[in-house]
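Residues 871 to 1137 in the numbering used here are what the sequence shown lists, from first letter to last.
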Amino acid sequence: MRNMSKTIVISGASSGIGFATAEYLDSLGYNVIGLSRKYPTSDYKFKYFLCDITKETQIEKFVDFLNIETESIDVLVNCAGMGVSGAIEYSTEEELRKIFDVNVFGQFLLTKNLIPLLRKSSDAKIINIGSVAGELIIPFQTFYSMTKAAMHAFSEGLRNELKPFNIQVTSVLPGDIKTDFTKNREMPKVLEDDLYKDRIKKSLARMAKDEEMGMPAISVSKVILKLIRMKRLPVAKTVGFQYKLFVFLKRIFPKSFVNWIIKKMYG
871 MRNMSKTIVI SGASSGIGFA TAEYLDSLGY NVIGLSRKYP TSDYKFKYFL
921 CDITKETQIE KFVDFLNIET ESIDVLVNCA GMGVSGAIEY STEEELRKIF
971 DVNVFGQFLL TKNLIPLLRK SSDAKIINIG SVAGELIIPF QTFYSMTKAA
1021 MHAFSEGLRN ELKPFNIQVT SVLPGDIKTD FTKNREMPKV LEDDLYKDRI
1071 KKSLARMAKD EEMGMPAISV SKVILKLIRM KRLPVAKTVG FQYKLFVFLK
1121 RIFPKSFVNW IIKKMYG
């Protein structure tokens, strides 16, 4: 029997953590509605809606669909996101705007438009997928880290604003996860006279290796399930022991020391 008591909307459901979470929660009987700007490449059973969250007109159509499909939303999981690499000096304003459009403005637009439906639930939750990269800034991934730091701030502000309406908000901070995110990351157009090219190659190679050896996406999905079932959500939840340790060390050691370690690893 399907558990129709909770309706869960998941953005970025075409791949990675979003797809894994949609599949997992659907298998447990939740009423899952996934959305993304493209269809998943793998088979899926959950409900799906094509929607580019950077376009508010498309989000409005999604809301119309939801009003027909359900009376309320119990959980919104913001998983949509993209990555881009490169040195700041050789990056463009267009690249910065593009990643902020998806990773920040899109999440804002979707959340803003779904709050009225979340307010109708007796136990509403918003779970934003952040990143350890929003706490520990990795060189040549600065734009990505900027967007995740912004999402962490967005979550904390939203948490206090929505508390009177019984809507809880939290951030999930994964570290390296083995998904298609690695190969889908937009790579820098490294020119022969790029002063950073050797360091970029070394940094990206280290990052790709870490992600290849990272946790499976289902590990994050299981954390999301625990949060859905939790009575009171924490402000943020870091996934994985070593990443919890990194975030903890950042809080007790001088920033210069933590920055030195990151530079040694990725700089």
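C-beta atoms are modelled at their ideal positions from N, C-alpha and C, and glycine is treated no differently.
For this session: Quickly, what does DSSP pair I999 with across the bridge? List them, please.
Result: Answer is V1042, bridged to I999.
Exercise. What is the DSSP secondary structure of N1117, counted as helix, strand or coil?
Worked result: In the sequence under discussion, the amino acid at residue 1117 is Val, which differs from the Asn named in the question. Looking at V1117 - three-state DSSP - the assignment turns out to be helix.
For this session: Output the boundary residues of the beta strand (DSSP E) element that contains K917.
Result: 917-920 is the span of the beta strand (DSSP E), which, as asked, contains K917.
For this session: For V945, write down the residues that DSSP places opposite it in a beta bridge.
Result: For V945, DSSP records a beta bridge to I878, K995.
Exercise. Does DSSP put K968 in a helix, in a strand, or in coil?
Worked result: Assignment of K968 by DSSP, reduced to helix, strand and coil, places it in the helix class.
For this session: Using beta-carbon positions only, say whether F919 and L905 come within less than 8 Å of one another.
Result: Result yes, Cβ atoms of F919 and L905 sit closer than 8 Å.
Problem set entry | T927, enclosing alpha helix (DSSP H) - first and last residue | If you look at T927, you'll find it in the alpha helix (DSSP H) that goes 926-939.
Exercise. What number of angstroms, rounded off, separates the C-alpha of N937 from the C-alpha of P1009?
Worked result: Going by the C-alpha atoms only, they are around 44 Å apart.
Exercise. Around the C-beta of S881, are 16 or more other C-beta atoms found within 10 angstroms, so that it is buried, or is it exposed?
Worked result: A residue is called buried once 16 or more other Cβ atoms fall within 10 Å of its Cβ, and S881 is buried on that count.
Exercise. Looking only at its own chain, which residues have a Cβ that is under 7 Å from the Cβ of S1001, when we skip the five neighbours before and after it?
Worked result: Hits under 7 Å: K1018, L1043, P1044.
Problem set entry | Euclidean distance between Cα positions of F970 and A950 | CA-to-CA, the gap between F970 and A950 works out to about 12 Å.
Exercise. So which of P1086, T1040, I1094, V879 has the shortest CA-CA distance to E939?
Worked result: Nearest to E939 by alpha-carbon distance, out of P1086, T1040, I1094, V879, is V879.
For this session: Would you mind sorting Q977 into buried or exposed? The rule is 16 or more other CB atoms within 10 Å of its CB.
Result: Under this definition Q977 is a buried residue.
Exercise. Per DSSP, T981 is paired with what?
Worked result: None; T981 has no bridge partner.
Exercise. Could you give the distance in angstroms between the alpha-carbon of I929 and the alpha-carbon of A890?
Worked result: Using only the alpha carbons, I get a separation of about 22 Å.
For this session: Taking the CB atoms as reference points, tell me whether V1207 and A1020 lie closer together than 8 Å.
Result: With the chain represented from 871 up to 1137, any question about residue 1207 goes unanswered, as that position is not in the structure.
Problem set entry | Spatially closest choice to F987 from G953, E965, S942, N998, by CA coordinates | Here residue 987 turns out to be Leu, not Phe, going by the sequence shown. Ranking the options by Cα distance to L987, first place goes to S942.
Exercise. Are I997 and V945 closer than 8 Å when you measure CB to CB?
Worked result: For I997 and V945, yes; Cβs fall inside 8 Å.
Problem set entry | Rounded C-alpha distance that separates A1023 from M1016 | Straight-line Cα distance between these residues: approximately 11 Å.
Problem set entry | Reference Y960, options V1109, L1065, R1069, closest by Cα | If we check each option's Cα against that of Y960, L1065 comes out closest.
Exercise. If we ignore side chains and look at the alpha-carbon of each, how far apart do Y1113 and D1046 end up?
Worked result: Whole-angstrom Cα-Cα distance: 9 Å.
Exercise. So, S1091 versus Y894, is the Cβ gap smaller than 8 Å?
Worked result: Against a cut-off of 8 Å, the Cβ pair of Y894 and S1091 comes out as a contact.
Exercise. At which residues does the alpha helix (DSSP H) containing K1107 begin and terminate?
Worked result: Looking at the DSSP string, K1107 is not in any alpha helix (DSSP H); the run it does join, the beta strand (DSSP E), is 1106-1108.
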